[in-house]
Amino acid sequence: MTIGIIGFGNMGQAMAQGLLSKGVSAGDIRAAALRQDKLKAACDSFGILPTNNKQAARESDIVILAVKPWQIQDVLLGIREELANKMVVSVAAGIPFASLKEMLPDSARAVCCIPNTPVAVGRGVLICENKHSLREEDLARFHDLFGRLGEIVLLDAKQLSAANAIAGCGPAFAAMFLEALGDAGVKYGVKRETAYRLAALMLEGTAALHLETGLHPGAMKDAVCSPGGSTIRGVSALEKNGFRSAVISAVDAVENK
Ligand SMILES: NC(=O)c1ccc[n+]([C@@H]2O[C@H](COP(=O)([O-])OP(=O)(O)OC[C@H]3O[C@@H](n4cnc5c(N)ncnc54)[C@H](OP(=O)(O)O)[C@@H]3O)[C@@H](O)[C@H]2O)c1
Numbered sequence: 011m012t013i014g015i016i017g018f019g020n021m022g023q024a025m026a027q028g029l030l031s032k033g034v035s036a037g038d039i040r041a042a043a044l045r046q047d048k049l050k051a052a053c054d055s056f057g058i059l060p061t062n063n064k065q066a067a068r069e070s071d072i073v074i075l076a077v078k079p080w081q082i083q084d085v086l087l088g089i090r091e092e093l094a095n096k097m098v099v100s101v102a103a104g105i106p107f108a109s110l111k112e113m114l115p116d117s118a119r120a121v122c123c124i125p126n127t128p129v130a131v132g133r134g135v136l137i138c139e140n141k142h143s144l145r146e147e148d149l150a151r152f153h154d155l156f157g158r159l160g161e162i163v164l165l166d167a168k169q170l171s172a173a174n175a176i177a178g179c180g181p182a183f184a185a186m187f188l189e190a191l192g193d194a195g196v197k198y199g200v201k202r203e204t205a206y207r208l209a210a211l212m213l214e215g216t217a218a219l220h221l222e223t224g225l226h227p228g229a230m231k232d233a234v235c236s237p238g239g240s241t242i243r244g245v246s247a248l249e250k251n252g253f254r255s256a257v258i259s260a261v262d263a264v265e266n267k
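According to the working numbering, the stretch in the sequence shown is residues 11 to 267, in order.
Here is the structure:
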């Protein structure tokens, strides 16, 4: 099965990296982008074949559209014929299935999903619109292949935007928290590399604790705060500085763009 990735920037490369790390052969992936020198350098680093949009679409069983949302229409106009009977996975945020369908030939089967960057290490989330035109066997293939990149979550179109703000934009917010904890560690004499590692392991473990036990985040916070102890002082300082409100405002800012 050949996979063509059209648009080989941050997300296209994150998906290629994730697929390669989960057993897909480099020979089964093609990538296309606009600037050929940049594309070739990126493809060489993964050992995959650089190509152009038409060839990527023609030679692939599954075509991933990973260009910016405002580029989708032009890109699809140029490869409409090649997409006949193909399975198409769009990762363009903000393009719902109803709009994508209008731009594709009738015979193409498509799904819209929004992955996040941890797909590069197979630990991502792929938020997918539950309205799609994949057949049963396509859906099985989609789960088999894209499930290697992380958890596939199917949602109604009206929930996609907020879900993307949490899972798609969230890695940027989480990385800022990670960086800030690293800075704080350095401030108090921990080596930067050690501080980042400690903070990353803590985030990973906290997420796993919630996912595996279903514990309420508030209960997880309470479990660390002993009366009159040091953690509650940290919690109080975060509240004083509007931590939770800042996080909610970040999602407001994404939603109200
Ligand atoms: N980054 C994320 O975390 C994230 C999360 C969820 C969804 N997404 C979605 O992923 C898509 C790509 O985002 P990104 O962050 O990866 O953007 P990006 O880094 O800017 O990559 C865009 C890619 O599209 C290529 N491109 C532009 N015009 C093209 C054309 N006419 N034909 C073929 N390729 C073309 C660019 O090539 P050149 O560099 O040569 O111009 C580049 O390789 C977007 O639709 C976005 O909504 C991204």
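Ideal Cβ placement from N, Cα and C applies to all residues, glycine included.
- When distances are taken from the beta-carbon of asparagine 140 to the heavy atoms of ligand 1, even the shortest one reaches 7 Å or more.
- A check of alpha carbon separations from serine 70 across Gly224, Asn95 and Ala150 identifies Asn95 as the nearest.
- Counting along the chain, glycine 14 sits inside the beta strand (DSSP E) bounded by residues 13-16.
- It is roughly 8 Å from the alpha-carbon of cysteine 138 to the alpha-carbon of proline 125.
- The straight-line gap separating the alpha-carbon atoms of glycine 14 and aspartate 193 is approximately 40 Å.
- Taking C-beta atoms as the reference points, leucine 188 and tyrosine 206 count as a pair closer than 8 Å.
- Here DSSP, grouped into helix, strand and coil, assigns leucine 59 to strand.
- The straight-line gap separating the alpha-carbon atoms of arginine 119 and phenylalanine 152 is approximately 11 Å.
- Rounded to whole angstroms, the separation of the alpha carbons of leucine 191 and tyrosine 198 is 11 Å.
- In the structure shown, the three-state DSSP call for isoleucine 105 is coil.
- For the set Gly134, Glu214, Asn174 and Ala182, the Cα lying nearest the Cα of glutamate 161 is the one of Gly134.
- Shown here for leucine 165: same chain residues with a beta carbon closer than 8 Å to its own, the five before and five after excluded, namely Ile137, Cys138, Glu139, Asn140 and Ala173 in chain order.
- Within the stretch 18-106, complete beta strand (DSSP E) segments of at least 3 residues are found at 39-42, 59-61, 72-75 and 97-100, given in chain order.
- Within the DSSP bridge table, the entry for valine 264 names no partner.
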